[in-house]
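Visitor: Numbering (this note's numbering), first residue to last: 4 to 174.
Quick reminder that beta carbons are idealized off the backbone N, C-alpha and C, glycines included.
As the structure is a computational prediction, the values presented were derived from the model and not from experiment.
(1) With 16 other CB atoms within 10 Å as the buried threshold, where does residue 30 fall?
(2) If residue 107 sits next to residue 87, beta carbons under 8 Å apart, how far is it from one beta carbon to the other, in whole angstroms?
(3) Any chance the CB of residue 8 is under 7 Å from a heavy atom of the ligand FAD?
(4) Grab me the residues of residue 100's own chain with a C-beta within less than 6 Å of its C-beta, minus the 5 sequence neighbours each way, in chain order.
(5) Which partner residues of residue 137 appear in the DSSP bridge assignment?
(6) Can you look up residue 159 in the DSSP assignment and give me helix, strand or coil?
(7) Any idea if residue 34 is buried or exposed, counting beta-carbon neighbours within 10 angstroms, 16 or more meaning buried?
(8) Going by C-alpha to C-alpha distance, which of 109, 41, 116, 60 sits closest to residue 78?
(9) Would you mind reading off the limits of the beta strand (DSSP E) that contains residue 131?
(10) My output table needs one value for residue 147: the three-state DSSP class, helix, strand or coil.
(11) Assign residue 42 to one of three DSSP states: helix, strand, or coil.
(12) Sorted by chain position, which residues of the same chain lie with C-beta nearer than 7 Å to residue 66's C-beta, five sequence neighbours on each side aside?
(13) Do you know how far the Cα of residue 125 is from the Cα of residue 58?
(14) If we ignore side chains and look at the alpha-carbon of each, how far apart do residue 43 and residue 53 end up?
(15) From 16, 81, 60, pick the residue whose C-alpha is nearest to that of residue 46; which is it?
(16) Reducing DSSP to helix, strand and coil, say where residue 73 ends up.
(17) Comparing C-alpha positions only, which one of 114, 9, 24 sits nearest to residue 145?
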């Protein structure tokens, strides 16, 4: 009985994880990315404030105090917020995209805690009664779904599966 359940889960859980990601998180990340752009290659003032909050405050919110490194970090993070969710949804390069999203969420969380000074209620605590803290509670579930995709891949209903079949026929 459990063998059938294992096969069913391995086959369908990745599609469900991708669906839930699309339904719950994709628009969150895409909306966030849009706030960071004033043009295709022009970060917004808000992007600098979101990603480098303490440095922006120290610079008096003067973007000219920032260099190429800051621009590169902002642009890489912004385009990651566009591209990685899209890859996960269509199931293409799913494992690297899931790993990238996990890294993104870790950096986002550290920035929220250290850079923006998130309070204890926002950070939350594991093993307490409350399950609604933004960082430790919610983002743990985000990462769990992404770990599912990292471990199992995109599943049979994905572009990864199509690519694998085509490459397999050539070998």
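Guide: Here's the rundown:
(1) Locating residue 30 in the chain shown gives position 27, counting from the first residue. That one is exposed.
(2) Residue numbering aside, residue 107 sits at position 104 when the chain shown is read from its first letter. Residue numbering aside, residue 87 sits at position 84 when the chain shown is read from its first letter. At roughly 7 Å, the Cβ-Cβ gap stays under 8 Å, so residue 107 and residue 87 are in contact.
(3) Ligands displayed in this structure: none; no statement on the ligand FAD is therefore possible.
(4) Locating residue 100 in the chain shown gives position 97, where the first residue counts as 1. The beta carbon of residue 100 lies closer than 6 Å to those of 87, 90, 91 in the same chain, with the five residues before and after it left out.
(5) Within the chain shown, residue 137 is the residue found at index 134, counting from 1. Answer is none; residue 137 lacks a bridge partner.
(6) Position 156 of the chain shown, counting from 1, holds the residue named residue 159. The DSSP-derived three-state label of residue 159 is coil.
(7) Counted from its first residue, the chain shown places residue 34 at position 31. Classification of residue 34: exposed, given that the 10 Å Cβ count is below 16.
(8) The count along the chain shown starts at 1 and reaches residue 78 at position 75. Comparing Cα-Cα distances from residue 78 to each of 109, 41, 116, 60, the minimum goes to 41.
(9) Taking the first residue of the chain shown as 1, we reach residue 131 at position 128. From DSSP, residue 131 is part of no beta strand (DSSP E); its letter is neither H nor E.
(10) Residue numbering aside, residue 147 sits at position 144 when the chain shown is read from its first letter. In the three-state scheme derived from DSSP, where H, G and I count as helix and E and B as strand, residue 147 is classed as helix.
(11) Residue 42 sits at position 39 when you count from the first residue of the chain shown. DSSP, reduced to helix, strand and coil, places residue 42 within a strand of the structure shown.
(12) One-based indexing of the chain shown puts residue 66 at position 63. Within the same chain, residue 66 has close Cβ partners 48, 51.
(13) Against the chain shown, residue 58 aligns to sequence position 55. Against the chain shown, residue 125 aligns to sequence position 122. The alpha-carbon atoms of residue 58 and residue 125 are separated by roughly 22 Å.
(14) Against the chain shown, residue 43 aligns to sequence position 40. Against the chain shown, residue 53 aligns to sequence position 50. CA-to-CA, the gap between residue 43 and residue 53 works out to about 18 Å.
(15) For the purposes of this step, residue 46 is taken as residue 43 along the chain shown, with counting starting at 1. Of 16, 81, 60, the smallest CA-CA separation from residue 46 is found for 81.
(16) Residue 73 sits at position 70 when you count from the first residue of the chain shown. In the structure shown, residue 73 falls within a helical segment according to DSSP collapsed to helix, strand and coil.
(17) Reading the chain shown from its first residue, position 142 is the one you call residue 145. It is 24.
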